[in-house]
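Taken in sequence, the protein lines are chains A and B.
To convert a position in the first sequence, counted from 1, into the numbering used here, add 48.
To convert a position in the second sequence, counted from 1, into the numbering used here, add 48.
Everything on this sheet refers to the single structure shown next.
Number of protein chains: 2
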Amino acid sequence: LTSLGVELHCRCIMTESKPIGRHIQKVELIPANSHCEETEIIATLKKTGQEVCLDPEAPWVKKVIKKILSNRS
Amino acid sequence: LTSLGVELHCRCIMTESKPIGRHIQKVELIPANSHCEETEIIATLKKTGQEVCLDPEAPWVKKVIKKILSNRS
Chain A
49 LTSLGVELHC
59 RCIMTESKPI
69 GRHIQKVELI
79 PANSHCEETE
89 IIATLKKTGQ
99 EVCLDPEAPW
109 VKKVIKKILS
119 NRS
Chain B
49 LTSLGVELHC
59 RCIMTESKPI
69 GRHIQKVELI
79 PANSHCEETE
89 IIATLKKTGQ
99 EVCLDPEAPW
109 VKKVIKKILS
119 NRS
């Protein structure tokens with residue numbers, strides 16, 4: 049059940065361990081909120097449009113986000 | 049026109065200058081791609097679900113993203 053697109057639970061069950069940076073079309077950062085205690089990161093893949101959860105603690109994930117923000121993607 | 053949700057042009061025309069960190073429900077990072085030369089950051093606001101473009105260079109934006117990633121949001 050979502051109202052205004054607000055998820056009423058965590059969306060990620062497991063996270064992708066393999067570095068898939070070059071396949072990422074976009075990344076969604078969802079801060080912890082009343083319905084989900086953890087920050088969630090959901091990447092959309094280029095070719096398939098598939099959504100994949102990433103681990104906010106994983107070094108390669110932090111590197112991918114840093115790279116996107118510095119416009120060197 | 050979008051295929052598989054891939055935007056065929058830049059989505060942001062202007063960016064929000066006021067620090068609106070506490071109103072942000074989630075943030076979308078879109079790396080530069082063949083259709084848009086710049087990294088784009090699109091925030092969805094909590095109450096209204098409204099989408100707002102943020103400036104990747106703005107210090108307050110970098111702080112908001114850092115805070116989300118460190119799970120201190």
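Cβ atoms here follow ideal geometry from the backbone N, Cα and C, with glycine treated the same way.
Checklist entry - How should threonine 92 (chain B) be labelled, buried or exposed, when 16 other C-beta atoms within 10 angstroms of its C-beta is the threshold for buried? => result The residue is buried, with at least 16 neighbouring Cβ atoms inside 10 Å.
Checklist entry - Does the beta carbon of leucine 77 (chain B) come closer than 9 Å to any beta carbon on chain A? => result Closer than 9 Å: yes.
Item to check | Cβ contact (3+ pairs, closer than 8 Å) linking the segment 77–89 of chain A and the segment 99–115 of chain A | outcome: Yes, the segment 77–89 of chain A is in contact with the segment 99–115 of chain A.
Item to check | For glutamate 76 (chain A) and lysine 95 (chain B), the rounded distance between their alpha carbons | outcome: Straight-line Cα distance between these residues: approximately 18 Å.
Item to check | lysine 66 (chain B) versus B:Trp108, B:Ile116 and B:Lys115, residue with shortest Cα-Cα distance | outcome: The option with the nearest alpha carbon to lysine 66 (chain B) is B:Trp108.
Checklist entry - Mind pulling the chain A residues with CB within less than 9 Å of glutamate 99 (chain B)? => result Within chain A, no residue has its beta carbon less than 9 Å from that of glutamate 99 (chain B); the closest one is some 10 Å off.
Checklist entry - Hey, how far is the Cα of lysine 111 (chain B) from the Cα of leucine 117 (chain B)? => result Each residue's Cα considered, the two are about 10 Å apart.
Checklist entry - Taking C-alpha atoms, which residue in A:Ile78, A:Ile68, A:Gln98 and A:Lys74 lies nearest to histidine 57 (chain A)? => result The shortest C-alpha to C-alpha distance from histidine 57 (chain A) to any of A:Ile78, A:Ile68, A:Gln98 and A:Lys74 is the one to A:Ile78.
Next on the checklist: Just to make sure I have the definition right: I need the residues of chain B whose C-beta is within less than 8 Å of the C-beta of lysine 74 (chain A). Which are they?
Outcome noted: Near lysine 74 (chain A) (Cβ distances below 8 Å), the residues of chain B are Glu76, Leu77, Ile78 and Pro79.
Checklist entry - By the 10 Å Cβ neighbour count, where 16 or more other Cβ atoms means buried, how is lysine 74 (chain B) classified, buried or exposed? => result Counting C-beta atoms within 10 angstroms of its own C-beta, lysine 74 (chain B) has 16 or more neighbours from the protein chains shown and is therefore classed as buried.
Next on the checklist: Could you tell me the alpha carbon to alpha carbon distance between arginine 59 (chain A) and asparagine 119 (chain B), rounded to whole angstroms?
Outcome noted: Rounded to the nearest angstrom, the two C-alpha atoms are 16 Å apart.
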